[in-house]
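Heads up, the working numbering is the position in the sequence shown plus 4, with the first residue counted as 1. As structure tokens, the structure follows; a few thoughts come after it.
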Amino acid sequence: MTFGQETVGSMALILDSDADILDAYRTGQQDRAITAFVRKHQRFVYSVAFRQLSHVEDAQDAAQEVFLRASQKLGEFKGESTLQTWLYRITVNVCLNMRRKKRILSFFAIGEGEGERDVKGADHSPATHAEQSEFETYFRTVLATIPPKQRETFCMRYYDELSYEEISAITGTSEGALKANYHWAVKKIAAAIRTSEYYEEWLDHVKA
Numbered sequence: 005m006t007f008g009q010e011t012v013g014s015m016a017l018i019l020d021s022d023a024d025i026l027d028a029y030r031t032g033q034q035d036r037a038i039t040a041f042v043r044k045h046q047r048f049v050y051s052v053a054f055r056q057l058s059h060v061e062d063a064q065d066a067a068q069e070v071f072l073r074a075s076q077k078l079g080e081f082k083g084e085s086t087l088q089t090w091l092y093r094i095t096v097n098v099c100l101n102m103r104r105k106k107r108i109l110s111f112f113a114i115g116e117g118e119g120e121r122d123v124k125g126a127d128h129s130p131a132t133h134a135e136q137s138e139f140e141t142y143f144r145t146v147l148a149t150i151p152p153k154q155r156e157t158f159c160m161r162y163y164d165e166l167s168y169e170e171i172s173a174i175t176g177t178s179e180g181a182l183k184a185n186y187h188w189a190v191k192k193i194a195a196a197i198r199t200s201e202y203y204e205e206w207l208d209h210v211k212a
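This is how it looks when you write it as structure tokens:
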């Protein structure tokens, strides 16, 4: 499947509605149904992805991943929402995961100086390699070694993308203490990654 190509089988044009697409998929016409499915919803998915990521290539990659996931799960769709709503949720989740993975690179630049420094997006990440799932398992292992308060603050910032003000309201901890927790969590994560195989892998990727 290649996102963005306008050329599709002419038979797919017969499947005009989501109901037709689902019916075709469930009656053994999976390839035809998926072709029509992508054609019908690709502009919507790309638009959502671009709003989330603000980058053409990233949005295209996200759309590709969305349709790969959705196509694999299309037979399990229960009709509790529209296909478009279902795709919207998948797209937002895919984009959120992409942003999380890209922020990992910023850990390598953290630690040289003191003071608050947030984890921001970047163009490369060791998590984009084929060993992505292995890295994520390793990353969770590193998180488990961090003191609970630092880990909680980091996860609320990194995974939930909450502001310090929002975290403070939830936990009752001052923003100053939260910033300190986050700072030390990132320092420890950065130190762990620098001594791992993934850091050398990232350096090789950047030099290539």
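For glycine and all other residues, C-beta sits at the position ideal for the given N, C-alpha and C.
Are there three or more Cβ pairs, one per stretch, closer than 8 angstroms when the segment 79-87 is compared with the segment 144-153?
no
Below 8 angstroms on the Cβ atoms is my contact criterion, and I expect A189 with R144 to pass it. Report the Cβ-Cβ distance as a whole number of Å.
Looking up residue 189 in the sequence shown gives position 185. Looking up residue 144 in the sequence shown gives position 140. Contact doesn't hold; Cβ gap of about 14 angstroms is too wide.
Inter-stretch contact (C-beta, 8 angstroms, three-pair minimum) for the segment 98-107 and the segment 44-64:
yes
Express the C-alpha separation of K191 and D65 in angstroms, rounding to a whole number.
Position 61 of the sequence shown, counting from 1, holds the residue named residue 65. Position 187 of the sequence shown, counting from 1, holds the residue named residue 191. One C-alpha to the other measures close to 31 angstroms.
Bounding residues of the alpha helix (DSSP H) (the contiguous stretch that carries P152):
Counting from one through the sequence shown, the residue named residue 152 turns up at place 148. Segment P152 to Y162, the alpha helix (DSSP H) holding P152.
Pull up the CB-CB distance for E179 and Y163, whole angstroms please, since I reckon it's below 8 angstroms.
Position 175 of the sequence shown holds residue 179. Position 159 of the sequence shown holds residue 163. That belief does not hold up - the Cβ atoms of E179 and Y163 are roughly 19 angstroms apart, past 8 angstroms.
Residues near R30 by beta carbon distance below 7 angstroms, same chain, minus five either side
On the sequence shown, position 26 is the one that residue 30 refers to. Once the five neighbours on either side are set aside, the close Cβ partners of R30 are G79.
Segment limits, alpha helix (DSSP H) that includes H45
Walking along the sequence shown from the start, residue 45 turns up at place 41. Q34 to L57 is the extent of the alpha helix (DSSP H) around H45.
If you drop the 5 nearest sequence neighbours on each side, which residues of the same chain put their C-beta closer than 7 angstroms to that of G94?
For this step, residue 94 is matched to residue 90 along the sequence shown. Gly is not the amino acid found at residue 94; the sequence shown has Ile there. So the list reads V70, R73 and A74, once near-sequence residues are dropped.
So, are the CB atoms of T157 and Y203 less than 8 angstroms apart?
Translated into positions along the sequence shown, residue 157 becomes position 153. Translated into positions along the sequence shown, residue 203 becomes position 199. In this structure, Y203 does not lie closer than 8 angstroms to T157 by Cβ.
Under the rule that 16 or more other beta-carbon atoms within 10 Å means buried, what is T199, buried or exposed?
Walking along the sequence shown from the start, residue 199 turns up at place 195. Under this definition T199 is an exposed residue.
Residue range of the unbroken alpha helix (DSSP H) whose run includes D20:
In the sequence shown, counting from the first residue as 1, residue 20 sits at position 16. Careful: D20 lies outside any alpha helix (DSSP H) and carries neither H nor E.
Using the C-alpha atoms, what's the distance from R104 back to E224?
A query on residue 224 cannot be resolved here, the shown segment of the chain reaching from 5 to 212 and no further.
Rounded straight-line distance, which links the Cα of A28 to that of C159:
On the sequence shown, residue 159 is found 155 positions in, with the first residue counted as 1. On the sequence shown, residue 28 is found 24 positions in, with the first residue counted as 1. Rounded to the nearest angstrom, the two C-alpha atoms are 42 angstroms apart.
Using the three-state DSSP reduction, which class does S167 fall into: helix, strand or coil?
Taking the sequence shown and counting its residues from 1, the one referred to as residue 167 is at position 163. Coil, per DSSP.
Could you give the distance in angstroms between the alpha-carbon of Q76 and the alpha-carbon of A184?
Along the sequence shown, one-based indexing puts residue 76 at 72. Along the sequence shown, one-based indexing puts residue 184 at 180. Between Q76 and A184, the C-alpha separation is close to 43 angstroms.
Cut-off 7 angstroms between Cβ atoms - residues of its own chain near A63, not counting five sequence neighbours on either side:
Reading the sequence shown from its first residue, position 59 is the one you call residue 63. Excluding positions up to five away in sequence, the list reads Y50, A53, F54 and L57.
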